[in-house]
Each structure stands twice: as structure tokens, then as C-alpha cells.
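S.K.: Chains A and B, in that order, give the protein sequences. Residue -5 is where the first sequence starts when you use our numbering, and the numbers rise one by one after that. Residue -5 is where the second sequence starts when you use our numbering, and the numbers rise one by one after that. Beta carbons are placed, not taken as given, at the ideal position from N, Cα and C, and that holds for glycine. Quick caveat, the model's predicted, so the values are computed rather than measured.
There are 2 protein chains.
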Amino acid sequence: MHYNLALIGFGNVARALARLLVRKQDILKSKHDVTFSFTGISTGRHGHAVNPNGLDIQKALELVESGKDISALSVKPLADSMEVIHHSQANFMFENSPVNTETGQPALDHIRTALNLGMHVSTANKGPVVHGYRELTALAASKGRTFRHESAVLGGAPVFSVMREAFPLAELESFKGIFNATTNVILSRMESGETYDEALKYAQKIGLAETDPTNDVDGWDAAIKVAALVTVLWDTPMTPQQVNPTGIRGITSEMIAKAKAEGKRYKLVCSAEKVNGDIKVGVAPQLVDSSSSLYGMMNSSTGITFRTDVIIDYSIVLSEKPGMTGGPVETAYGLFADFVNIVK
Amino acid sequence: MHYNLALIGFGNVARALARLLVRKQDILKSKHDVTFSFTGISTGRHGHAVNPNGLDIQKALELVESGKDISALSVKPLADSMEVIHHSQANFMFENSPVNTETGQPALDHIRTALNLGMHVSTANKGPVVHGYRELTALAASKGRTFRHESAVLGGAPVFSVMREAFPLAELESFKGIFNATTNVILSRMESGETYDEALKYAQKIGLAETDPTNDVDGWDAAIKVAALVTVLWDTPMTPQQVNPTGIRGITSEMIAKAKAEGKRYKLVCSAEKVNGDIKVGVAPQLVDSSSSLYGMMNSSTGITFRTDVIIDYSIVLSEKPGMTGGPVETAYGLFADFVNIVK
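1. Using a Cβ-Cβ distance cut-off of 9 angstroms, determine whether lysine 315(A) contacts chain B.
2. Cα-Cα, which of Arg183(A), Pro122(A), Thr95(A) is closest to threonine 107(A)?
3. One question on the structure: do aspartate 283(A) and lysine 258(A) come within less than 9 angstroms of each other, judged by their Cβ atoms?
4. Quick check on the burial criterion: 16 or more other C-beta atoms within 10 angstroms. Buried or exposed for aspartate 307(B)?
5. As a quick exercise: from Val304(B), Ala326(B), His(-4)(B), Gly321(B), pick the residue whose alpha carbon is nearest that of alanine 151(A).
6. Could you tell me which of His26(B), Glu185(B), Leu22(B), Pro71(B) sits nearest to isoleucine 35(B), measuring between CA atoms?
7. Just checking my contact of isoleucine 79(B) with leucine 111(B) at CB under 8 angstroms: how many whole Å lie between their CB atoms?
8. Is serine 24(A) helix, strand or coil by DSSP?
9. Given a cut-off of 9 angstroms, decide if isoleucine 273(B) and methionine 184(B) are closer than it, judged by their beta-carbon atoms.
10. Jot down the residue ranges of each uninterrupted beta strand (DSSP E) in the stretch 208 to 261 of chain A, minimum 3 residues, whole runs only, in chain order.
11. What are the start and end residues of each continuous alpha helix (DSSP H) run of 4 or more residues lying completely inside the stretch 8 to 87 of chain A, in chain order?
12. Using a Cβ-Cβ cut-off of less than 8 angstroms, list which residues of the stretch 147 to 161 of chain B approach chain A; keep chain order.
13. First and last residue of the alpha helix (DSSP H) that includes threonine 176(B)?
14. For the beta strand (DSSP E) containing lysine 274(B), list its first residue and its last residue.
15. Whose C-alpha, out of Asp20(B), His42(B), Glu89(B), Ser31(B), is nearest the C-alpha of alanine 8(B)?
16. What residues are listed by DSSP as bridge partners for asparagine -2(A)?
17. Alpha carbons only, please: which of His26(A), Gly61(A), Lys25(A), Leu22(A) is nearest the one belonging to glycine 41(A)?
18. Per DSSP, what kind of secondary structure is isoleucine 336(A) in: helix, strand or coil?
19. If we count the other Cβ atoms within 10 Å of its Cβ and call it buried at 16 or more, is asparagine 174(A) buried or exposed?
20. Please determine, among Thr117(B), Ala84(B), Glu77(B), Gln83(B), the residue with the shortest C-alpha to C-alpha distance to serine 91(B).
21. Below 8 angstroms, how does it come out for the stretch 283 to 294 of chain B and the stretch 281 to 301 of chain A: are there three or more Cβ pairs, yes or no?
22. According to DSSP, simplified to helix, strand and coil, what is aspartate 307(B)?
23. For a test of the three-state rule: what should DSSP assign to threonine 299(B), helix, strand or coil?
24. Please state if the CB of tyrosine 327(B) and the CB of arginine 243(B) are separated by a distance shorter than 9 angstroms.
25. How far does the beta strand (DSSP E) with leucine 166(B) in it reach, from first residue to last?
26. Considering only the alpha carbon of each residue, which of Arg301(B), Thr246(B), Ile218(B), Asn238(B) lies closest to glycine 187(B)?
27. Listed from N- to C-terminal order along the chain, which residues in the stretch 301 to 315 of chain B have their beta-carbon within a distance smaller than 7 angstroms of any beta-carbon of chain A?
28. Can you find the residues in the same chain that come closer than 6 angstroms, C-beta to C-beta, to serine 313(A), ignoring five residues on each side of it along the sequence?
29. For isoleucine 21(A) and chain B, any beta-carbon pair shorter than 9 angstroms?
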């Protein structure tokens, strides 16, 4: 089976995905008899391109990474991402446009359109999960297609597929975790003596925090991940606004030093619990001690602990590994895994 | 679809499984249209029973748990476990006879027989995984059946299914972990000041360590789990003898106190690494510091960290949860999950 792939969004993650697909193309062919070509690419600032016979992906990567436009690769002029979807003749779309916490757009419209055109869809974007999970899942089913989103939390490390495939008929009672790497780096470095400002600058320097760090430090990135997990795992729509996060700006060096002296740590704890059918959620800094599964998650490590009626405390941890490639490649793998699991 | 189930071995885990199946029977029916009855039970010391129309499982549980024999429930006299398999008319067998590290018997013969009779098989027994994985997997395939073993390591917490379903086309480069709860409890309590003998007595009192603790403290339980993971995840046969474990008897209170003063801990570290096609394995006490994913796994917590070419350090941790039910129920869930994943 041959797949025409559309890449909507062509940032770090989508480009890492393109390289991963190329690197794994032989094993995809030998193990699952699947081949692919890239027939549509839509970028934020470097134009759009389609070619139903396959775009030169190496050329597209080179162009974008040297700040150039890809429009010259296209067999027809295109005004926007929607035209890429319509003219790509793709049967699988990867949606990686920038996340919009409040509306889920434009990802939501991209995905609706692609599903209506008969494409499978995988996204790393939390917006459409939070704002359209039920609708998109139902739409996909009605078209005989699949909508997946493994990379929406914990940066591509398997989480949704673990709960879906490895926990059959288990009842999820609660989860808690550390979902935001930037705040965890800041809190870890403050424990080593840095001020908040120094720690934030470091997180920005290594490319983790954005110039405007609001989304991370005020807890919104964590909150949308909590909302995405609640939405999918309990099939219960929830928005980040309902999570109503408290960020880490109120945590001072003095508070951290005092906690450290008592063998404790502040963590931006994400939690959700089902109590008598109600779901209680939270994102807020909390003191944890060494008996907590979250205590050992330092720096850019993130993780989640699930409590179910059968396996009580099961944790998944994505550890920091200094000096090794992670980040975009790991997030790209979540998209790749969705692709393989759908087409195999 | 209706399944006739044979329970070969009816100890703590198998009895927890029977109760779990009964507890989940409504959701199995409503979600997957699967029903079941127990048509064969073979115990170690309380006899054997078959009834193709279904045995009274509550009665069987009561009898065995009050030390009585179940033979009176049988529609025919049975000499041994093999006769239970032959006369159960089962189409799914759960194999939970006592593990034999050196030969894998009698589990190996039980499973061969069941597969040849057209049954699916799930086992919590590490013996047949280590001594027969390739053969049993091939035999199952040739009969259009499935052989699974989720509960063979990490007490029923999803591990094999995570690697199989959630890591498609990933290359496993190495794993390391803490696989034996008894030795981890002993080392944890020695860190709190107990002697080896006191800590061992505690582990025996809570039902974790056996009267003869050799299998745990000399590293053989850990070694067979390493062998099972290598055998399955790299499809490379390996025996616990090849792992050649070093246990914890050589670790003194003085060594532990010295390590603690340096912010380190001894852990019975299980490891395996693929280097240029060769697989290097080990089970031995090692000093770890707080940068290790194993450092925080205390008491009866166990876990594993996988390094792959795509997701670098991905850990699964099954945490101790004092006062909560775990143990047999969790191991039983691994068997239940195999069942659901095969029959759904």
C-alpha cells in the first residue's frame, strides 16, 4: 500500500518526522509493505507546495532550513494550508500547525477537511484534541478513517497508545504527573541556587522556553495537556480554562530552599481524579517528598502516574538525557508511531 | 463468542485471575461480546476438575481456600494436569504452574499440548518464555492461535504489550531496571538501619520472600526476567545461566551506610545492551546516584528503563503503594489483558 502524505506545519517536529520517515522507509516496506511519498507541505512562513507524484523532501528540508521558500517545488500555486490539503491528493495528513489553546484553530479545520477528504490524521497539536476529540473521532469513524494524537502529551513518548492497547478494560481512577519541561527545569535549577530569572534565561537558551514564557510558567501548557488526557481517557470534554491552572511565578528561592532543607521539592503537579463520576483536576505547584513518584523527575524529565482498578500505580517517565538527541525527534516518533499503527 | 477456560495452576495469581474475570464479565460481554466459563482447573495439591458445561468457580475458590480438594466438582476422574488440558474442552488456557528456571517444565509441555489442541495460551510463568518462546510462538502461529506472557516480568504491569503495540518499528538498544521486589525491599530496609537478616525476615513476613530466599537474593529471579526480556524483545534465546547473576549477599550494612553518606544506593541492577549485534547482559548490585532512574525505586517498587533509537529513555515503574492491594491482583491483570487482547 502506498501513502501520499501531507505535512501541514513544517517546523522542528514536522521536519524531524520527515527525516524519521525517510530513515525508516526500508523497514516500513519490508515489515508492513508500506511505501509513501510526500505530496503536500504547508509551512508557516516559507510557502506551500503540492505534487501528487511526490515532492523532493530533501530539497524542501534544505530550503526551509536555509530560510527559503518552497513554493517553487509546487506543481500549482497555492494560497494557504487549506489549498495544500485539497490539492495534495494525500491519504494521510500530519497536522502540526501552532497550537491555539483557546479555539484549537486552524488545526481543527485542517483535520475536519482532511477527514472529509478520506485521509487518516495524526497530530501533535493539543488544540484539536481538547476542542474536537469527540467530533473528530466520530467523523473519522464515519469515513472509515482514524484520528490519532500520540504526541499531544509527554513529547511523543507512548501514553495514549499504552492506555488504549496495554490496559484493556481497566478503569482509570486518577493520574498525576509533571507535563511541562520548562517549569521543571526552572524549579530544578532554582533548587541548585539559581534565581527564577537566571533559570528562565537558561530554559530559553536551550530552546525549551519561548521568548514569552507565559504559556509555560503560568501553567497553560500543563493545563491543556491535563484537558487533553481527561478528554480522551475519560471521553469527557474539558478545556484548559476549566483546569484553571496556577503557575510557578509565586514560588520564591526562599520557599525552595526551605523545602530542600526539609527533604522536599516544589513540582508543578498536574492531576485528575474521578470521584463518584465527577472529575477533579488541577495544575499547581505542590510540595512533594521522596515517597512521591514525581520527586525524582528533575530538569527536563516529565512523566505520568496512572492509578487504575487493576494496576495500581503505573508510571511512565521520559527522562532527561543530557547531550543526547531528544525533543523534536521524540515528538516526531509519536506521529510516526500513529502512522505505523494505522497503516500496518 | 464464548470461551471455555482452563486454569492450569490455581495458586494466588490464578485465583485472583478467576475473581477478576468474574468481576469484569459484564464489560467483556457489553464491550467485546465475549462470554466465558471455567471448564478445567488443575491445582498443585487440591486435585483437578473438568466440566465442559462450566465448573462452579465460586465453589472451587472456596474449596481450595479452605484447604479442600476440588475433585468432587469434576465430571470425570483425572490423574494430572495433562488430563485436565485434554478433557477441559477449553479454547483458552492460563498456565500458572510453579516456575522451573532450569527446564521450563512442566509449563512447556502444558503449553505445547494446549496449542496443539487449538487453545490460545497466556502464562505468568517465566520458564516457558525463556525455554520455549520461539518454538511456542511458531507453534501458536501454525495453529492460528496466540501465545502471550504479559505477566512474566514486572508483575502484570504492561511491558511486553507496550513494546509490541506502542513502539512500532523502534529499535531497542538497551534496557536496565529493578526486577526483583524482595531484594529491593531488603536493600531499602538495610538503608534504614536494619541488618540483612532483619530485612529478609520482614520480606518473608509480608509474603514477598519465600522460606528459602535463594532464588531472590542470589539474583536468579532477576536473571530469568532479564533472559525473558532478551528472548522476546530481541528474539534471541537466552537462559538465566547465561545471565550469570550476582546476588546481594555480599552487600554489608557498612557498604550501604557508606553509600548513603555519599548520596548513593545499592540496587540489584538488571541490564542488557545490544552492542554491534552482541547482547551484553548483567544482574549485579550496583551503586546508583540520584541521576539514575533507578535511584527513586524503593521498597517493593520495580521498573524498567528502555533506550530506543527514537524515544531515548522511557521508563515504566510499578510503584509500591503501602496498604493497597497489589501483588497477585496485578499479576492476574497481565493474564486478563492477554485474554482481552487476544479475544477482542
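M.R.: In brief:
1. Cβ-Cβ to chain B under 9 angstroms: yes for lysine 315(A).
2. Minimum Cα-Cα distance from threonine 107(A) among the listed residues Arg183(A), Pro122(A), Thr95(A) corresponds to Pro122(A).
3. Yes. Within cutoff.
4. With 16 or more Cβ atoms within 10 Å of its Cβ, aspartate 307(B) is classed as buried.
5. For the residues Val304(B), Ala326(B), His(-4)(B), Gly321(B), the minimum Cα distance to alanine 151(A) belongs to Val304(B).
6. Distances from the alpha-carbon of isoleucine 35(B) to those of His26(B), Glu185(B), Leu22(B), Pro71(B) put Pro71(B) closest.
7. Right, their Cβ atoms sit about 7 angstroms apart.
8. Three-state DSSP puts serine 24(A) in a helix.
9. Here methionine 184(B) is not near isoleucine 273(B), since their CB atoms are 9 angstroms or more apart.
10. Counting whole runs of 3 or more residues, the stretch 208 to 261 of chain A contains no beta strand (DSSP E) stretch at all.
11. Within the stretch 8 to 87 of chain A, the complete alpha helix (DSSP H) runs of at least 4 residues fall at 19 to 26, 51 to 59, 75 to 81.
12. For the stretch 147 to 161 of chain B, which is checked against every Cβ of chain A, the residues closer than 8 angstroms are Gly150, Ala151, Pro152, Ser155, Val156, Glu159, Ala160, Phe161.
13. Unbroken alpha helix (DSSP H) run through threonine 176(B): 175 to 185.
14. Unbroken beta strand (DSSP E) run through lysine 274(B): 272 to 283.
15. For alanine 8(B), the closest C-alpha among the options Asp20(B), His42(B), Glu89(B), Ser31(B) is that of Glu89(B).
16. Under DSSP, asparagine -2(A) takes part in a beta bridge, and its partners are Ser31(A).
17. Comparing alpha carbon positions, the residue from His26(A), Gly61(A), Lys25(A), Leu22(A) closest to glycine 41(A) is Gly61(A).
18. It is helical.
19. It counts as buried.
20. It is Thr117(B).
21. Contact holds: three or more Cβ-Cβ distances are below 8 angstroms.
22. Strand, per DSSP.
23. If DSSP states are grouped into helix, strand and coil, threonine 299(B) belongs with the strands.
24. Contact: no.
25. Note, leucine 166(B): beta strand (DSSP E), 166 to 172.
26. The residue with the shortest Cα to Cα distance from glycine 187(B) is Thr246(B).
27. Along the stretch 301 to 315 of chain B, going in chain order, the ones with a CB nearer than 7 angstroms to a CB of chain A are Val304, Ile305, Ile306, Asp307, Tyr308, Ser309, Ile310, Val311, Leu312, Ser313, Lys315.
28. Result list for serine 313(A): Ser295, in chain order.
29. Yes, its Cβ sits closer than 9 angstroms to a Cβ of chain B.
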